[in-house]
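Reading through the structure tokens given below for one structure.
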Amino acid sequence: MSKRISISDALKSLLVKKTKVVVLTGAGISAESGVPTFRGEEGLWKKFRPEELATFDAFMANPELVWEWYEYRRKIIEEIKPNPGHLALVDFQRYFDKFDLITQNVDGLHRKTGSKNVIELHGNIRRNKCIQCGKKYESLEGTIDGIPPKCPCGGNIRPDVVWFGEMLPQDAINYAFAVSSECDLFFSVGTSAVVHPAASLPLIAKRGGAYVMEVNISPTEISHIVDESLLGKSGEILPSLVKYFK
Ligand code: OAD
Numbered sequence: 002m003s004k005r006i007s008i009s010d011a012l013k014s015l016l017v018k019k020t021k022v023v024v025l026t027g028a029g030i031s032a033e034s035g036v037p038t039f040r041g042e043e044g045l046w047k048k049f050r051p052e053e054l055a056t057f058d059a060f061m062a063n064p065e066l067v068w069e070w071y072e073y074r075r076k077i078i079e080e081i082k083p084n085p086g087h088l089a090l091v092d093f094q095r096y097f098d099k100f101d102l103i104t105q106n107v108d109g110l111h112r113k114t115g116s117k118n119v120i121e122l123h124g125n126i127r128r129n130k131c132i133q134c135g136k137k138y139e140s141l142e143g144t145i146d147g148i149p150p151k152c153p154c155g156g157n158i159r160p161d162v163v164w165f166g167e168m169l170p171q172d173a174i175n176y177a178f179a180v181s182s183e184c185d186l187f188f189s190v191g192t193s194a195v196v197h198p199a200a201s202l203p204l205i206a207k208r209g210g211a212y213v214m215e216v217n218i219s220p221t222e223i224s225h226i227v228d229e230s231l232l233g234k235s236g237e238i239l240p241s242l243v244k245y246f247k
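Start counting the sequence shown at 2; every next residue gets the next number (this note's numbering).
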């Protein structure tokens with residue numbers, strides 16, 4: 002059972018008022034499920050070079066390697082379960098009248114847990130697309146076996162995630178900017194807040210007058226601008242906030 006953590010009166014009253022809430026999540030929310038984060042001591046980018054695995058040029062230069070790396074990550078994700086942090090955000094969605102969940106994660110865990118209308122800024126690792134005709138594939142059905150598989154049009158199939166140097170899905174980022182600028186309460190959860198444009202969202206929320214909260218195991222780039230930081234695991238802090246819902 003999660004205990005009540007100590008929060009400010011300002012946050013308490015925003016929780017009770019059922020204000021307009023936006024939550025931005027990053028890799029840290031899935032860390033307690035066993036999904037590796039990107040930065041930090043055990044982070045993926047400590048062991049692997051993003052320019053060799055997470056760019057379009059890398060895929061063109063070595064499609065087998067890039068495909069295999071994503072298969073390795075997919076395998077990790079398939080075997081893991083959502084944690085209490087993901088579950089608490091389902092309660093957030095039920096409780097607040099206006100609630101938007103924006104994630105940088107490609108693991109699909111929010112949706113798997115039951116969160117609805119999740120804005121996936123960086124795509125979804127389970128989905129694929131053809132580099133030639135752009136056709137999206139929710140499964141590999143209809144593709145031609147291979148590493149990577151091929152689309153019937155002849156193009157290589159790639160994961161439908163955003164790589165370095167690529168644009169974010171336009172509708173998703175526009176929506177994220179809009180709701181962040183209009184919300185009353187914004188949570189930045191488990192993200193190092195260094196990768197833009199996602200990292201701009203807490204700043205946009207702040208500029209729009211929102212009360213900005215951070216939930217992280219350690220301070221980040223935005224800690225000095227947020228109104229309140231809750232230091233600790235999101236799988237413990239988020240469920241403890243649910244206890245303040247009336
Ligand atoms: P990072 O790996 O940069 O940051 C993870 C954050 O989670 C760090 O600030 C940790 O301190 C924090 N953290 C770790 N465990 C936690 C826990 N149990 N509870 C709360 N916080 C915890 O991951 P992101 O910020 O998500 O982009 O990275 C942003 C983007 O960079 C990713 O979406 C990915 C990557 O390159 C693409 O692939 C396009």
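In this text, a Cβ means the ideal position worked out from N, Cα and C, and glycines have one as well.
Item: Measure the CB-CB distance between H111 and P83 and report whether it falls below 9 Å.; Value: yes
Item: Kindly provide the ranges of any beta strand (DSSP E) runs that are 3 or more residues long and lie completely inside the stretch 4-40, ordered along the chain.; Value: 22-26
Item: Here's the rule I'm using: 16 or more other beta-carbon atoms within 10 Å means buried, otherwise exposed. How should G236 be labelled?; Value: buried
Item: Please confirm whether P240 has its beta-carbon closer than 9 Å to some beta-carbon of chain C.; Value: Protein chain content of the structure displayed is limited to a single chain, and chain C is not contained in it.
Item: If we ignore side chains and look at the alpha-carbon of each, how far apart do L88 and P240 end up?; Value: 8 Å
Item: For the beta strand (DSSP E) that contains V162, what are its first and last residues?; Value: 158-162
Item: Apply the 10 Å Cβ neighbour rule to S34 and answer buried if 16 or more other Cβ atoms are within range, or exposed otherwise.; Value: buried
Item: Between the C-alpha atoms of I8 and D108, what's the straight-line distance to the nearest angstrom?; Value: 30 Å
Item: When you compare the CB positions of V24 and F246, do they come within less than 9 Å of one another, or not?; Value: no
Item: Which of the three DSSP states is assigned to S256 in this structure?; Value: Nothing in the structure corresponds to residue 256, since the chain is present only between 2 and 247.
Item: Please return the same chain residues whose Cβ sits closer than 8 Å to the Cβ of V91, not counting the five positions on each side in sequence.; Value: T114, G115, S116
Item: Quick one: what's got a C-beta closer than 6 Å to G27's C-beta in the same chain, skipping five residues either side?; Value: Q105, G191, T192
Item: Let's test the definition: count the other Cβ atoms within 10 Å of the Cβ of I145 and tell me whether it reaches 16, buried, or not, exposed.; Value: exposed
Item: Buried or exposed for H123, please, with buried defined as at least 16 other CB atoms from any protein chain shown within 10 angstroms of its CB.; Value: buried
Item: Who are the Cβ neighbours of D98 in its own chain at under 6 Å, not counting the five residues just before and after it?; Value: K19
Item: What's the call for P149, buried or exposed, on a 16-neighbour Cβ count within 10 Å?; Value: buried
Item: Out of I226, V162, V213, K234, which has the shortest C-alpha to C-alpha gap to C184?; Value: V213
Item: Roughly how many angstroms separate the alpha carbons of I103 and L202, rounded to a whole number?; Value: 10 Å
Item: Less than 8 Å between the CB of W70 and some heavy atom of the ligand OAD, yes or no?; Value: no
Item: Any idea if F165 is buried or exposed, counting beta-carbon neighbours within 10 angstroms, 16 or more meaning buried?; Value: exposed
Item: Straight-line CA distance for R128 to D10?; Value: 42 Å
Item: Quick check on K130: does DSSP put it in helix, strand or coil?; Value: strand
Item: Output needed for K234: all residues of its chain with C-beta closer than 7 Å, excluding positions within five of it in sequence on either side, in chain order.; Value: E33, I218
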